[in-house]
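Enquirer: Let me begin by handing over the structure; questions about it come next.
Number of protein chains: 2
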Amino acid sequence: MPELPALPRSELEVARIVWHLKHATVRQVVDALPVDRALDFFTVQTYLRRLTDKGYLIAKREGRTNVYHPKVKPDRVVRQVVRNFLDQLFDGHVLPLMQHLLQQEKLTEEQLDQLQTELDALRNKATDP
Amino acid sequence: MPELPALPRSELEVARIVWHLKHATVRQVVDALPVDRALDFFTVQTYLRRLTDKGYLIAKREGRTNVYHPKVKPDRVVRQVVRNFLDQLFDGHVLPLMQHLLQQEKLTEEQLDQLQTELDALRNKATDP
DNA sequence: ATTGACAACGTTCATATGAACGTAATAATC
DNA sequence: GATTATTACGTTCATATGAACGTTGTCAAT
Chain P
1 MPELPALPRS ELEVARIVWH LKHATVRQVV DALPVDRALD FFTVQTYLRR LTDKGYLIAK
61 REGRTNVYHP KVKPDRVVRQ VVRNFLDQLF DGHVLPLMQH LLQQEKLTEE QLDQLQTELD
121 ALRNKATDP
Chain Z
130 MPELPALPRS ELEVARIVWH LKHATVRQVV DALPVDRALD FFTVQTYLRR LTDKGYLIAK
190 REGRTNVYHP KVKPDRVVRQ VVRNFLDQLF DGHVLPLMQH LLQQEKLTEE QLDQLQTELD
250 ALRNKATDP
């Protein structure tokens with residue numbers, strides 16, 4: 001797994017849209033941007049090109065247009081970004097982040113239930129393998 | 130609460146050391162850096178100055194030396210950084226991040242127990258106020 | 001065949017960030 | 001008192017990033 005280059009905010013933003021659409025053209029990404037975050041066609045084009053150069057996407061030509069596809073699995077990228085974040089702010093320790101999230105971000109009852117369910121699943125898997 | 134300026138990686142790194150030491154001089158920060166992450170005295174000095182300019186720290190002169198103190202509560206900064214991160218990668222949704230952490234980052238039995246405890250506490254608080 | 005629209009690719013440009021230096025002031029040592 | 005060490009403060013400098021343009025090529029409609 002060759003270390004992937006850094007993925008700055010704006011590029012990540014665009015990459016996530018491609019992931020969400022499975023694959024996309026420049027225009028499709030532009031159209032999928034939130035209204036409060038309009039970006040120029042050229043700008044999106046630039047970010048897609050950079051993502052391609054960095055190895056995150058591949059461009060498949062269809063007629064006169066490039067269609068950008070994920071090259072590395074989104075999940076892997078997400079994992080790496082989360083890892084970086086953990087290192088930056090919590091010395092890589094997961095628990096403090098979880099605790100912070102539990103305390104600071106107010107979860108609804110349903111969300112807490114949801115968490116409980118997943119926690120149960122994990123703990124069962126841990127005790128009887 | 131006046132919006133605080135962005136806090137880039139390196140500055141955050143230095144800020145965290147100051148927080149950890151409660152307050153610190155340039156030299157103390159330099160000495161507190163991890164061995165695998167040595168920074169020049171001048172560099173640390175620059176970051177501390179920038180942090181001060183941005184309003185994160187205040188410099189109190191003691192003799193010939195500046196002692197840098199936190200100006201905004203670390204907790205508040207952490208909260209904002211986490212929020213930003215959530216927005217960038219999970220559209221601001223906490224649950225998906227929690228789920229990701231549960232799945233991808235392997236927690237020990239003890240850590241799971243710890244989480245369970247805190248989750249219980251929260252749910253009790255939610256049901257009987 | 002000509003015109004017009006859209007897109008690819010290479011380029012540009014300002015600001016932010018990582019990293020460090022030079023000089024002047026101040027303190028400590030000889 | 002002269003010299004050396006240490007620091008603050010202003011400056012610098014390269015690269016990264018956010019954002020966009022110009023030119024050229026390609027397709028589609030006249």
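Residue numbers (this note's numbering), protein chains in the order written: chain P, 1 to 129; chain Z, 130 to 258. Glycine included, every Cβ here is placed at the ideal spot set by N, Cα and C.
1. For Z/VAL143, which of Z/ALA135, Z/GLN228, Z/LEU177, Z/ASP169 has the nearest alpha-carbon?
2. May I have the straight-line CA-CA distance separating P/LYS22 from Z/VAL223, to the nearest angstrom?
3. Does the segment 151-170 of chain Z come close enough to the segment 196-214 of chain Z to have 3 or more Cβ pairs within less than 8 Å?
4. Please report the residue range of the alpha helix (DSSP H) in which Z/GLU191 lies.
5. Specify the secondary structure class of Z/HIS149 as computed by DSSP and reduced to three states.
6. What does a CB cutoff of less than 8 Å around Z/VAL210 pick up in its chain, not counting 5 residues either side in sequence?
7. Using a C-beta cutoff of 9 Å, does Z/LEU259 count as contacting chain P?
8. Buried or exposed for Z/VAL207, please, with buried defined as at least 16 other CB atoms from any protein chain shown within 10 angstroms of its CB.
9. Going by C-alpha to C-alpha distance, which of Z/ARG138, Z/HIS149, Z/GLN232 sits closest to Z/LYS202?
10. Leaving aside the five residues before and after P/ARG61 along the sequence, list all residues of the same chain whose C-beta is less than 8 Å from its C-beta, in chain order.
11. Do you know how far the Cα of Z/VAL159 is from the Cα of Z/ALA167?
12. If we ignore side chains and look at the alpha-carbon of each, how far apart do Z/ILE146 and Z/ALA188 end up?
13. With DSSP as the reference, label P/THR65 as helix, strand or coil.
14. At a cut-off of 8 Å, would you count P/HIS69 as near the ligand ADP, judging by its Cβ distance to the nearest heavy atom?
15. Round the Cβ separation of Z/LEU248 and P/LEU112 to the nearest angstrom and send it over; I've been treating them as touching at under 8 Å.
16. Taking the alpha helix (DSSP H) that Z/THR175 falls in, what are its first and last residues?
17. Please list the terminal residues of the continuous alpha helix (DSSP H) segment that includes Z/ASP204.
18. Output yes or no for whether 9 Å exceeds the beta carbon distance between P/GLY55 and P/PRO5.
19. Anything in the segment 137-169 of chain Z with a Cβ closer than 9 Å to a Cβ of chain P? List those residues in chain order, please.
Expert: Based on what the coordinates show:
1. As a working mapping, residue 143 of chain Z is identified with position 14 in the second sequence. The option with the nearest alpha carbon to Z/VAL143 is Z/LEU177.
2. If you number the first sequence from 1, residue 22 of chain P lands on position 22. If you number the second sequence from 1, residue 223 of chain Z lands on position 94. Going from the Cα of P/LYS22 to the Cα of Z/VAL223 covers about 23 Å.
3. yes
4. Locating residue 191 of chain Z in the second sequence gives position 62, where the first residue counts as 1. No alpha helix (DSSP H) contains Z/GLU191, which is instead part of the beta strand (DSSP E) from 186-191.
5. Here residue 149 of chain Z corresponds to residue number 20 of the second sequence, with the count starting at 1. Looking at Z/HIS149 - three-state DSSP - the assignment turns out to be helix.
6. The residue you call residue 210 of chain Z lines up with position 81 of the second sequence. Closer than 8 Å at the Cβ level, and outside the excluded window around Z/VAL210, lie LEU136, LEU141.
7. The requested residue 259 of chain Z does not occur in the structure, where chain Z is confined to residues 130 to 258.
8. Locating residue 207 of chain Z in the second sequence gives position 78, counting from the first residue. Answer is buried; the Cβ neighbour count reaches 16.
9. Locating residue 202 of chain Z in the second sequence gives position 73, counting from the first residue. Ranking the options by Cα distance to Z/LYS202, first place goes to Z/HIS149.
10. Numbered from its first residue, the first sequence carries residue 61 of chain P at position 61. For P/ARG61, where only same-chain residues beyond five positions count, the Cβ hits under 8 Å are VAL67.
11. Stepping through the second sequence from its first residue, residue 167 of chain Z is reached at position 38. Stepping through the second sequence from its first residue, residue 159 of chain Z is reached at position 30. For Z/ALA167 and Z/VAL159, the distance between alpha carbons rounds to 8 Å.
12. By 1-based counting over the second sequence, the position of residue 146 of chain Z is 17. By 1-based counting over the second sequence, the position of residue 188 of chain Z is 59. Using only the alpha carbons, I get a separation of about 15 Å.
13. As a first step, residue 65 of chain P is located in the first sequence; it is residue number 65 there, counting from the start. Three-state result, P/THR65: strand.
14. As far as ligands go, the structure on display features none, and thus does not contain the ligand ADP.
15. Position 119 of the second sequence, counting from 1, holds the residue named residue 248 of chain Z. Position 112 of the first sequence, counting from 1, holds the residue named residue 112 of chain P. Yes, Z/LEU248 and P/LEU112 are in contact; Cβ-Cβ is about 7 Å, under 8 Å.
16. Here residue 175 of chain Z refers to the residue found at position 46 of the second sequence. From DSSP, the alpha helix (DSSP H) with Z/THR175 extends over 170-182.
17. Against the second sequence, residue 204 of chain Z aligns to sequence position 75. Unbroken alpha helix (DSSP H) run through Z/ASP204: 203-219.
18. Residue mapping note: residue 55 of chain P aligns to position 55 of the first sequence, counting from 1. Residue mapping note: residue 5 of chain P aligns to position 5 of the first sequence, counting from 1. Cβ atoms of P/GLY55 and P/PRO5: closer than 9 Å.
19. ARG138, LEU141, GLU142, ARG145
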